[in-house]
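Visitor: Each residue of the sequence shown is one higher than the last, beginning at 0 in numbering that gives the first Met the number 0. Even for Gly, the Cβ is constructed at its ideal location relative to N, Cα and C. Pasting in a structure now, in structure tokens, and then I'll have a few things to ask.
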Amino acid sequence: MKSILRPIISGILVGLGKFTSTGSVSVRVFLSSKVIAKKDSIHEIQFEVTDTGLGISDEALGRMFQLFSQADSSTSRRFGGTGLGLSICKQLVELMNGQIGVRSQLGQSSTFWFQKIIA
0 MKSILRPIIS GILVGLGKFT STGSVSVRVF LSSKVIAKKD SIHEIQFEVT DTGLGISDEA
60 LGRMFQLFSQ ADSSTSRRFG GTGLGLSICK QLVELMNGQI GVRSQLGQSS TFWFQKIIA
């Protein structure tokens with residue numbers, strides 16, 4: 000799992016870093032456990048990457064993980080990119096049977112997260 004986590008976290012960090020000219024980008028990791036039987040439990044790890052950047056409109060949020068998609072064309076002209084980064088991250092997360100998502104408000108911070116149940 001370690002080898003697949005690096006490109007996911009890196010892809011999200013690179014994407015958020017482009018849109019955070021001032022402020023910060025932070026990474027948080029959460030681990031939780033749930034008992035599912037007397038002697039069995041499941042563990043879930045969740046990564047969150049949050050910026051203090053431009054935020055994302057509700058319209059653009061729905062396209063964030065699609066191939067060749069960016070928030071808008073003016074953004075790609077100013078910041079560059081192919082629109083592949085988050086799509087690749089999503090595919091990698093799905094390969095390890097995880098989930099990925101984003102929370103954001105235009106003009107405020109964005110948080111990209113992904114989680115995976117681990118043994």
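When DSSP builds the beta bridges, which residues end up paired with R27?
Guide: Beta-bridge pairing links R27 to E47.
Visitor: I need the DSSP call for R76, collapsed to helix, strand or coil.
Guide: At R76 the pLDDT is 46, less than 50, meaning the model places this residue with poor confidence and gives no usable figure here.
Visitor: By the 10 Å Cβ neighbour count, where 16 or more other Cβ atoms means buried, how is M85 classified, buried or exposed?
Guide: Inspection of the sequence shows that residue 85 is occupied by Leu rather than by Met. L85 should be labelled buried.
Visitor: Exposed or buried, what is I3 when buried is set at 16 or more other beta-carbons lying within 10 Å of its beta-carbon?
Guide: exposed
Visitor: Could you tell me the alpha carbon to alpha carbon distance between E47 and L30, rounded to whole angstroms?
Guide: 12 Å
Visitor: Is there a Cβ from chain B that is less than 8 Å from the Cβ of S109?
Guide: Of the protein chains in this structure there is only one, and it is not chain B.
Visitor: Would the region 50-65 and the region 96-111 be scored as touching if the rule is three or more Cβ pairs under 8 Å?
Guide: Segment contact: the region 50-65 against the region 96-111, three or more CB-CB distances shorter than 8 Å; contact assigned.
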